[in-house]
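Protein chains in written order, with the numbering used here: chain A, 3 to 134; chain B, 3 to 134. To keep things clear, I will list the structure first and then write my remarks on it.
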DNA sequence: CAAAATGTATTAATGTATTCATACATTATT
DNA sequence: AATAATGTATGAATACATTAATACATTTTG
């Protein structure tokens, strides 16, 4: 699994792992039932303590991205997120508000924000079949 | 100044103050040259240590939102953000990507995200003349 | 059944962030 | 000038987050 961490980036290692796995799933590089590396194996690959990877996997499981089974391994979840419609709306509204305030503060209008969002979405989708 | 903090919300007090002042400015409840409460006064109002408010004001000054002058007071800045076009683009791109990954993860498509964003923007603008 | 691989749980060590106590410097006010 | 108001700076106490060390439980594999 292609993951790169920056040990002194300010953002915690386990969080970097979470973000990148989410990205891999969102961009279809990882799909349902794909197996992810064993905790100890990824830990060795990243030169990091196994507990750090375990924590990342645990959070990803809580987010509905992965499913772990003791003795067996960890795989990409087939189901969607474990959140209710209401929770999803609350989460996204919160993020949307933060983005709007930030943009306003930086002098960027709604139209430009929407434009940027669509641009990034395209860049995102373009990556679906590449890489590996 | 209407600010409410939740001391044990998980998010730091100084950060809550920063967020809310940014919100007040973004929604035009505070405009250029408006004076904000003195550090000690807001601290007393919020039942918080003056240094906590001082830190919030310091960060807001670094973000170009406020301007402090020793002995005089603190006011809303007239100028825009202190960031270059390049930095603004980098900041917003980062946030946009995070939002897209989150939405994808939650099973929400681009169209719905854009719809939500426009909805929130309207709710935002509707508040410009109210409150106080 | 035994061994090896996997995830899980508990506790401790360490680093970082947050808040506070206190003193200082500058400006406005009288 | 004196006083009071303001923001600024420094160091310590405390709390929190992150990572690590170690042991445990479950499942697979032979």
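Glycine included, every Cβ here is placed at the ideal spot set by N, Cα and C.
- Of all residues in the segment 60 to 83 of chain A, only 65, 66, 67, 82, 83 place a beta-carbon less than 9 Å from a beta-carbon of chain B.
- Annotated three-state conformation of residue 20/A is helix, per DSSP.
- By the Cβ rule, the segment 95 to 107 of chain A does not count as touching the segment 52 to 59 of chain A, because fewer than three pairs are nearer than 8 Å.
- Taking a cut-off of 8 Å for Cβ pairs, the segment 73 to 90 of chain B and the segment 33 to 41 of chain B touch, as three or more such pairs fall below it.
- Annotation: residue 48/B is outside any beta strand (DSSP E); the continuous alpha helix (DSSP H) that includes it extends over 41 to 48.
- As the crow flies, the alpha-carbon of residue 46/B is around 23 Å from that of residue 35/B.
- Ranked by Cα distance from residue 62/A, the options 6/A, 25/A, 116/A are led by 25/A.
- Taking a Cβ-Cβ threshold of 9 Å, none of the residues of chain A is close to residue 12/B; the smallest such distance is about 13 Å.
- Within 10 angstroms of the beta-carbon of residue 72/A lie fewer than 16 other beta-carbons, which makes it exposed.
- Close CB contacts of residue 115/B within its chain, under the 6 Å cut and outside five residues either way in sequence, are with 105 (chain order).
- Contact between residue 85/B and residue 112/A fails: their C-beta atoms lie close to 19 Å from each other, not under 8 Å.
- What residue 57/A touches in chain B, judged by beta-carbon distance under 7 Å, is nothing: the nearest beta carbon there is about 18 Å away.
- Its chain contains 45 as the residues whose beta carbon lies nearer than 7 Å to that of residue 51/B, once the 5 sequence neighbours on both sides are disregarded; these appear in chain order.
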